[in-house]
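Q: Protein sequences appear in the order of chains A and B.
Take 5 as the starting number for the first sequence in this note's numbering and just add one per residue.
Take -1 as the starting number for the second sequence in this note's numbering and just add one per residue.
Have a look at this one.
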Amino acid sequence: MAEPVILPFEEQLSSTVLLDLSLLTLLVICGLAMVRMRRLFGVAMLSGIYSLLSAAFFVSLDAVDVAFTEAAVGAGVSTVLVLSGMALTSRRETPVTRQRKFLPLFIVGIVGAALVYATIDMPAFGDPNAPANAYVGQAYIERSPEDIDVPNIVTAVLASYRGYDTLGETLVVFTAGLACMLLLGAGSIRGGRKVNDPQPPEAIEREERGDGDETVLSDGPR
Amino acid sequence: MGMGHVILRVTIKVLFAPIVLFALYVQFHGDYGPGGGFQAGVIMAVAFVLHALGFGLQATKKAIPPRILTAGMALGVLIYAGTGVLTLLLGANFLDYDVIDPDSHHNAGQHIGILVVEFGVGLAVASTMLQIFYVFAGREAEPSDDAW
């Protein structure tokens, strides 16, 4: 393959960049609100809003296929799944003791610092000479009209050039469904059959409260 | 379920068919616009999740039994992998669609291959999403209106 042509590029503060910045700011605010909130219903709703905001951000980056997936999966199905999972556990997050806050804060700080450090080596936003836009990406864009002749290059890459990877992704989805069926479907091959507990549910709840580790038990199937 | 859900149910009745139609559009228009099997599968599943939220889980399970979904999950993956095995049997590499229609000058083999494979993805994703919703929602009595 020929050496990629170096295109001229200079950074500028256009209105699109300002839109991106405001969307990213909203994402940060949304994330902080999710950390502060104790009511799990609100957290589930905020995670849906977070997905919708990131979908808008992806549209602004011209990645419509990714935005579509984020809106459908993140804002649609996973919110419903989180809510139906939440219906099986408590409505409110139990507060964490002060001692147990330090280690997660330390880990998050280290990881965040590492991510910020990694962005120093990243190419400038929108740089046409960035590795993602040069080598294999450029080859796909140049060759897909002759090789595959599908107008949406994303579909061509997803289903043909990288068909083997997409088979793996489909298997991941299948495995996730299978695991949910095995864990929650009461071992029935027909799946989702209503579980008939030998004891009435009130008695079991009372037992769990008596043990004092209700949250541990209810978190088990997740 | 009393009359309290009547607005929800009417809205869902109006929205159900357009959502399914949109899922089919996204599925089969994925070659030309944004979309494809993953997105279409999720949208299709969302239509039935909405139905379950408005009309109750048992009504949806009567319309689409979990048994069918289990078969759909496996069938979707089998369609995808089977396309790969078919190209192997025709003498090319795994998932090398050109061999499906080797004499075409318009890459018909690629087009057929991509359509079939995307259909497999859509079937697997739609069945899996709805199945996961079934097993989560089927664990307990549905939450009452003031549960939140």
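In this text, a Cβ means the ideal position worked out from N, Cα and C, and glycines have one as well.
Fair warning: this is a prediction, and the values are worked out from it, not measured in the lab.
Give a yes or no on whether 7 Å exceeds the smallest Cβ distance from A:SER164 to chain B.
A: Yes, contact with chain B.
Q: Check whether the segment 151 to 158 of chain A and the segment 56 to 69 of chain B touch, using three or more Cβ-Cβ pairs below 8 Å as the test.
A: no
Q: With the cut-off set at 7 Å, would you say B:GLN129 and B:LEU67 are in Cβ contact?
A: yes
Q: How about A:GLY78 and A:SER55: are their beta carbons less than 7 Å apart?
A: yes
Q: Between B:VAL114 and the rest of its own chain, which residues show a CB-CB distance below 6 Å, the 5 nearest in sequence each way excluded?
A: THR81
Q: Would the beta-carbon of A:SER148 fall within 7 Å of that of B:GLN108?
A: Not a contact, by the Cβ cut-off of 7 Å.
Q: Using the C-alpha atoms, what's the distance from A:LEU31 back to A:MET41?
A: 15 Å
Q: So, is A:GLU74 buried or exposed, given that buried needs 16 or more other C-beta atoms within 10 angstroms?
A: buried
Q: By DSSP, does A:ARG40 sit in helix, in strand, or in coil?
A: In the three-state reduction of the DSSP assignment, A:ARG40 falls in the helix class, which pools H, G and I.
Q: Tell me whether A:ARG104 sits in a helix, a strand or coil according to DSSP, three-state version.
A: helix
Q: Take the Cβ of B:PRO64 as the centre, count every other Cβ of all protein chains shown within 10 Å, and call the residue buried at 16 or more, exposed below.
A: buried
Q: Within 7 Å of any Cβ in chain B, is that where the Cβ of A:GLY191 sits?
A: With a pLDDT of only 49 at A:GLY191, under the threshold of 50, the placement of this residue in the model should not be trusted, and no figure is reported.
Q: Report the residue from A:ILE152, A:PHE45 and A:ILE124 whose alpha carbon sits nearest the alpha carbon of A:VAL84.
A: A:PHE45
Q: Identify, in the order they occur along the chain, each residue of the same chain with its Cβ nearer than 6 Å to the Cβ of B:GLN37, setting aside the five sequence neighbours on each side.
A: VAL24
Q: Quick check: A:VAL140 and B:MET127, are their CB atoms within less than 7 Å of each other?
A: no
Q: With which residues is A:ARG96 paired in a DSSP beta bridge?
A: Paired residue(s): A:ARG43.
Q: B:PHE77 CB to nearest chain A CB: under 7 Å?
A: Before going further, note that residue 77 of chain B is Ile rather than Phe in the sequence given. No, B:ILE77 lies away from the interface with chain A (no Cβ there is under 7 Å from its Cβ).
Q: Quick one: residues in its chain with C-beta nearer than 7 Å to the C-beta of A:LEU23, no 5 flanking neighbours on either side, listed in chain order?
A: SER64
Q: Against A:GLY167, what residues of chain B qualify as contacts under a CB-to-CB distance less than 7 Å, listed in chain order?
A: LEU93 and VAL115
Q: Please check if any C-beta of chain A sits within less than 7 Å of the C-beta of B:GLY80.
A: At a cut-off of 7 Å between C-beta atoms, B:GLY80 does not count as an interface residue with respect to chain A.
Q: Comparing C-alpha positions only, which one of A:LEU25, A:LEU50 and A:ALA180 sits nearest to A:ALA37?
A: Cα-wise, what sits closest to A:ALA37 is A:LEU50.
Q: Kindly say whether A:GLY195, judged by its beta-carbon, lies nearer than 7 Å to any beta-carbon of chain B.
A: Reliability fails at A:GLY195, whose pLDDT of 46 lies under 50, so the model's placement of it is uncertain and no value is given.
Q: Would you call the segment 69 to 86 of chain B and the segment 166 to 182 of chain A touching, i.e. three or more CB-CB distances under 8 Å?
A: yes
Q: First and last residue of the alpha helix (DSSP H) that includes A:GLU74?
A: A:GLU74 -> no alpha helix (DSSP H), and no H or E assigned at all.
Q: Rounded to a whole number of angstroms, what is the C-alpha to C-alpha distance between A:SER95 and A:THR101?
A: The sequence shown places Arg at residue 95 of chain A, rather than the Ser named in the question. Taking the straight line joining both Cα atoms gives about 19 Å.
Q: Between which two residues does the alpha helix (DSSP H) carrying B:GLY70 extend?
A: 64 to 87
Q: Name the residue from A:GLY113, A:LEU119, A:ASP151 and A:ALA67 whose alpha carbon lies nearest to the alpha carbon of B:HIS104.
A: Nearest C-alpha to B:HIS104: A:ASP151.
Q: Run through chain B and tell me which residues come within less than 7 Å of A:SER88, C-beta to C-beta.
A: PHE131, PHE134 and ALA135
Q: With 7 Å set as the bound, which would you pick, yes or no: does the beta-carbon of B:PRO16 sit closer than that to a beta-carbon of chain A?
A: The C-beta of B:PRO16 comes no closer than 7 Å to any C-beta of chain A.
Q: If you measure from the beta carbon of A:LEU171 to each beta carbon in chain B, is any gap under 7 Å?
A: yes
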